[in-house]
Amino acid sequence: MRKKMTTLLVLTLILSCKSPNNFVETRLKTAEKFISCLKNNEPEKILDFTYHEADFNINNKEFRDFNVNKAFKFIAKFGIPSKDKWIIKYDPSNNFDRLLITIPLFKGYDSTFNLIQADIVLAFPPPEISDQIYRYEIADNYDASRMSPTLAPEDL
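Numbering (the numbering used here), first residue to last: 3 to 158.
(1) If we call anything under 8 Å between Cβ atoms a contact, is Leu102 one with Asp142?
(2) What does the Cβ neighbour count give for Thr52, buried or exposed, with the cut at 16 atoms within 10 Å?
(3) Cα separation between Tyr144 and Gln119?
(4) Under a Cβ-count criterion, where at least 16 other Cβ atoms within 10 Å of its own Cβ denotes burial, should Phe165 be classed as buried or exposed?
(5) Are the beta-carbon atoms belonging to Ile122 and Ile140 less than 8 Å from one another?
(6) Are there 16 or more other CB atoms within 10 angstroms of the CB of Ala78, so buried, or fewer, so exposed?
(7) Quickly, what does DSSP pair Lys91 with across the bridge? List them, please.
(8) How should Tyr111 be labelled, buried or exposed, when 16 other C-beta atoms within 10 angstroms of its C-beta is the threshold for buried?
(9) Using a 10 Å radius around the Cβ and a threshold of 16 neighbouring Cβ atoms, would you call Ala73 buried or exposed?
(10) Compare the Cα-Cα distances from Ile1 to each of Ser132, Phe126, Lys109 and Leu49 and report the closest residue.
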């Protein structure tokens, strides 16, 4: 009986090393480091945590600087929620977005930006491709009805 229990315990430990929880936990650590770069407005440092072959927002310096600065401003204004409020979607059968982590920054109405909602969305591929973020997005929605139109120079 004791041998069976020991064998079962060893088998459980071996299987737990390959569990989806390990896959998700390691990516959450990468996500935290990536968010730290956004929080500190460090566009070049996000390259350490991204698979920059795939996403134009990552490998194009102008887009990277713009998006990191936008995220920096949102984070400075609204903060980063605790990890228990992050939305984690893990789909082992998805060959592209194996893991999506959505970090909700704001939902409501902000008159400064005419903002309705702002999220940071991080996508991780299957481990065969990379263990780094291969796509990210600053998903933001605005209330266009409250925005004033921009005047043409001759109307000024």
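All C-beta atoms, glycine included, are put in the ideal place defined by N, C-alpha and C.
So, from the listed chains and residues:
(1) no
(2) buried
(3) 7 Å
(4) Any answer about residue 165 is impossible in this case: the structure gives the chain only from 3 up to 158.
(5) yes
(6) exposed
(7) Leu102
(8) exposed
(9) buried
(10) Not covered by the structure: residue 1. The range shown for the chain is 3 to 158.
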